[in-house]
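Participant: Protein chains in written order, with the numbering used here: chain A, 40 to 289; chain B, 74 to 200. Below is the structure I would like to discuss, written out as structure tokens.
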Amino acid sequence: MINLTDNARKHLDNYLQQVRTYLKASPTVDADEVEQNIKEHVENELQDSPEPVSFDALDDILKKLGSPQQWLPEEERPWWRKIILRLRTDRQKYLWRISSFVIITAVILLVMVTVIDKKKSIDLAIAKNGFNIHPRPDGGLYFVVVSILNQGKFVSPEFPVNFYHGKPDQVEPKTHRAGPIEPGDVWREGTVPFALKEGVNEIVVVLDPYDKVEESNETNNSALLQVVVRQSKIVEKTLSCPFVKNQENH
Amino acid sequence: MTGTLYCDIMRYMDNQFFDNWSTQLRKGMLELCVLNAIKGTSLYGYDIVRKLRDIEGLVIGEGTIYPILSRLKREGFARTTIKESTEGPARKYYELTLKGERILSQMNDYWKDIKTGTDLLKKEEKS
Chain A
40 MINLTDNARK
50 HLDNYLQQVR
60 TYLKASPTVD
70 ADEVEQNIKE
80 HVENELQDSP
90 EPVSFDALDD
100 ILKKLGSPQQ
110 WLPEEERPWW
120 RKIILRLRTD
130 RQKYLWRISS
140 FVIITAVILL
150 VMVTVIDKKK
160 SIDLAIAKNG
170 FNIHPRPDGG
180 LYFVVVSILN
190 QGKFVSPEFP
200 VNFYHGKPDQ
210 VEPKTHRAGP
220 IEPGDVWREG
230 TVPFALKEGV
240 NEIVVVLDPY
250 DKVEESNETN
260 NSALLQVVVR
270 QSKIVEKTLS
280 CPFVKNQENH
Chain B
74 MTGTLYCDIM
84 RYMDNQFFDN
94 WSTQLRKGML
104 ELCVLNAIKG
114 TSLYGYDIVR
124 KLRDIEGLVI
134 GEGTIYPILS
144 RLKREGFART
154 TIKESTEGPA
164 RKYYELTLKG
174 ERILSQMNDY
184 WKDIKTGTDL
194 LKKEEKS
């Protein structure tokens, strides 16, 4: 082992550290083997130098060896090192390209986040006890009113509302339109008057039935109102909200 | 003044072009030269560097050769043997494998074809 001055020792250690750092990332090069070869190279080169070997004498050898940063082919360097190296060697060209890329990427991300956030920040829901049946003052006929609440942060677009008098897979819906609804606002939509039959009547409402409005919660868009009529009078009302499909069969 | 500046800029651009071109050329040539250096013999890593650095313009950073040796070994084109040395600790010697001999033969043929082609082009220019 060659005797080096303190400065020279530090310089060599620092250089070997660079060798390890730059070659470690390469899958085709054994960094330990290269480091050992470099150590032997330095020792052989300094064999005839007066000891302790000075910083300058060592520096000459290391300069001839060159920077370990340049030893790997470009395709084997990690992407971030490629960028740094290009910035160092061709600063103006790559700085412009990289800054353009960063700005464009940031703008695209911002737009995407805003659009996604906007879409997901709509939540149409049937308000608490917001689906009810009312008798017409002139008697005999009834109408239902649904209160639709936009729980999200953005205005909802216009959307259809389907009312069913009976099971949704057995009867045709009466389609109404609702919206736009401001965040926190409630939209009330009522049906035309209709007659109830004796026994159990099922009335279902479905908001946005074709899921055209992207919402943060798609499970609170329906409700089932079961109305029991005996001798032309409503004797029982049950509201299930949200209405789930298997409840149809109950 | 403007003329001198223009000449300086043009010279700088020419130099940069030459530097890029020679760097690209050296990359491939170094591997060919390392393989040729150990063809039919086994050489100590440092001796390979000494052999190659005498070729004008081939080796810019002497350290470049060591990763090439390591890569050739990993690719199976070269192998190492440890031999005792009278000058210090045991040394690692590099030599070609059969696979290395085959690829070297291919590379030499390829290089020969390119050199013949470029020489021919130069002759055509003169005539």
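Idealized CB from N, CA, C, for every residue including glycine.
Work out the CA separation of residue 234 of chain A and residue 269 of chain A for me, nearest whole Å.
Facilitator: Translated into the one-based positions of the first sequence, residue 269 of chain A becomes position 230. Translated into the one-based positions of the first sequence, residue 234 of chain A becomes position 195. The straight-line gap from Cα to Cα measures roughly 13 Å.
Participant: Which term fits residue 154 of chain B, buried or exposed, when burial requires 16 or more other beta carbons within 10 angstroms of its beta carbon?
Facilitator: Here residue 154 of chain B corresponds to residue number 81 of the second sequence, with the count starting at 1. That one is exposed.
Participant: Alpha carbon to alpha carbon, how far is residue 251 of chain A from residue 221 of chain A?
Facilitator: For the purposes of this step, residue 251 of chain A is taken as the residue at position 212 of the first sequence. For the purposes of this step, residue 221 of chain A is taken as the residue at position 182 of the first sequence. Cα to Cα, the separation comes out at about 17 Å.
Participant: Residue 276 of chain A and residue 264 of chain A look like a contact to me (Cβ under 8 Å); what is the Cβ gap, rounded to whole Å?
Facilitator: As a first step, residue 276 of chain A is located in the first sequence; it is residue number 237 there, counting from the start. As a first step, residue 264 of chain A is located in the first sequence; it is residue number 225 there, counting from the start. The pair is a contact, with the Cβ atoms about 7 Å apart (cut-off 8 Å).
Participant: For chain A, is any of its Cβ atoms less than 8 Å away from the one on residue 122 of chain B?
Facilitator: Translated into positions along the second sequence, residue 122 of chain B becomes position 49. With 8 Å as the cut-off, residue 122 of chain B counts as an interface residue toward chain A.
Participant: Assuming contact is defined by CB atoms lying nearer than 8 Å, are residue 212 of chain A and residue 201 of chain A in contact in what I supplied?
Facilitator: Residue mapping note: residue 212 of chain A aligns to position 173 of the first sequence, counting from 1. Residue mapping note: residue 201 of chain A aligns to position 162 of the first sequence, counting from 1. Cβ distance < 8 Å, so residue 212 of chain A and residue 201 of chain A count as in contact.
Participant: Looking only at DSSP bridge pairs, what is residue 204 of chain A linked to?
Facilitator: For this step, residue 204 of chain A is matched to residue 165 along the first sequence. For residue 204 of chain A, which the question treats as bridged, DSSP gives the partners A:242.
Participant: Using a cut-off of 8 Å between C-beta atoms, extract the partners of residue 137 of chain B located in chain A.
Facilitator: Counted from its first residue, the second sequence places residue 137 of chain B at position 64. Those within 8 Å of residue 137 of chain B in chain A are 105, 109 and 110.
Participant: Since residue 310 of chain A is in the alpha helix (DSSP H), which residue starts that stretch and which ends it?
Facilitator: Chain A is shown from 40 up to 289; residue 310 of chain A falls before or after that span and cannot be answered.
Participant: Give every residue of the same chain whose Cβ lies closer than 8 Å to the Cβ of residue 57 of chain A, excluding the five residues on either side of it in the sequence, and list them in chain order.
Facilitator: Within the first sequence, residue 57 of chain A is the residue found at index 18, counting from 1. Closer than 8 Å at the Cβ level, and outside the excluded window around residue 57 of chain A, lie 106, 107 and 108.
Participant: Mind checking whether residue 115 of chain B and residue 168 of chain B have CB atoms under 8 Å apart?
Facilitator: One-based indexing of the second sequence puts residue 115 of chain B at position 42. One-based indexing of the second sequence puts residue 168 of chain B at position 95. It is a contact, given that the beta carbons lie within the stated cut-off.
Participant: Rounded to the nearest angstrom, what separates residue 177 of chain B and residue 183 of chain B at their Cα positions?
Facilitator: As a working note, residue 177 of chain B is residue 104 in the second sequence. As a working note, residue 183 of chain B is residue 110 in the second sequence. Using only the alpha carbons, I get a separation of about 10 Å.
Participant: Where does the unbroken alpha helix (DSSP H) through residue 54 of chain A begin, and where does it stop?
Facilitator: Taking the first residue of the first sequence as position 1, residue 54 of chain A is located at position 15. 45-63 is the span of the alpha helix (DSSP H), which, as asked, contains residue 54 of chain A.
Participant: Under 9 Å between beta-carbons, which chain B residues line up against residue 67 of chain A? List them in chain order, please.
Facilitator: In the first sequence, the residue the question calls residue 67 of chain A occupies position 28. Correct list: 140, 143, 144, 147 and 148.
Participant: Tell me the residue span of the beta strand (DSSP E) that contains residue 185 of chain A.
Facilitator: Here the question's residue 185 of chain A lines up with position 146 in the first sequence. Per DSSP, residue 185 of chain A belongs to the beta strand (DSSP E) from 181-189.
Participant: Would you check if the distance between the CB atom of residue 187 of chain A and the CB atom of residue 135 of chain A is smaller than 8 Å?
Facilitator: Working through the first sequence from its first residue, we reach residue 187 of chain A at position 148. Working through the first sequence from its first residue, we reach residue 135 of chain A at position 96. No, the Cβ-Cβ distance between residue 187 of chain A and residue 135 of chain A is not below 8 Å.
Participant: Starting from residue 141 of chain B, trace the alpha helix (DSSP H) in both directions and tell me its first and last residue.
Facilitator: Taking the second sequence and counting its residues from 1, the one referred to as residue 141 of chain B is at position 68. 138-147 is the span of the alpha helix (DSSP H), which, as asked, contains residue 141 of chain B.
Participant: So, do the stretch 162-172 of chain A and the stretch 187-196 of chain A have three or more beta carbon pairs nearer to each other than 8 Å?
Facilitator: At 8 Å Cβ cutoff, the stretches touch.
Participant: Under 7 Å Cβ-Cβ, which residues of chain B neighbour residue 90 of chain A?
Facilitator: Locating residue 90 of chain A in the first sequence gives position 51, where the first residue counts as 1. Chain B residues near residue 90 of chain A: none, gap ~15 Å exceeds 7 Å.
Participant: Taking all protein chains shown into account, decide if residue 247 of chain A is buried (16 or more other Cβ within 10 angstroms of its Cβ) or exposed.
Facilitator: Locating residue 247 of chain A in the first sequence gives position 208, counting from the first residue. Looking at its Cβ environment, which holds 16 or more other Cβ atoms inside 10 Å, residue 247 of chain A is buried.
Participant: Measuring only the C-alpha atoms, how far is residue 105 of chain B from residue 143 of chain A?
Facilitator: The residue given as residue 105 of chain B occupies position 32 in the second sequence. The residue given as residue 143 of chain A occupies position 104 in the first sequence. Looking at the two C-alpha atoms, the distance is approximately 43 Å.
Participant: Where does residue 157 of chain B sit, in a helix, a strand or coil, going by DSSP?
Facilitator: By 1-based counting over the second sequence, the position of residue 157 of chain B is 84. Here residue 157 of chain B sits in strand by DSSP.
Participant: Mapping DSSP to helix, strand and coil, what is residue 107 of chain A?
Facilitator: Along the first sequence, one-based indexing puts residue 107 of chain A at 68. Here residue 107 of chain A sits in helix by DSSP.
Participant: Using a beta-carbon distance below 8 Å, is residue 83 of chain A in contact with chain B?
Facilitator: Counting from 1 along the first sequence, the entry for residue 83 of chain A is found at position 44. At least one chain B Cβ lies under 8 Å of residue 83 of chain A.
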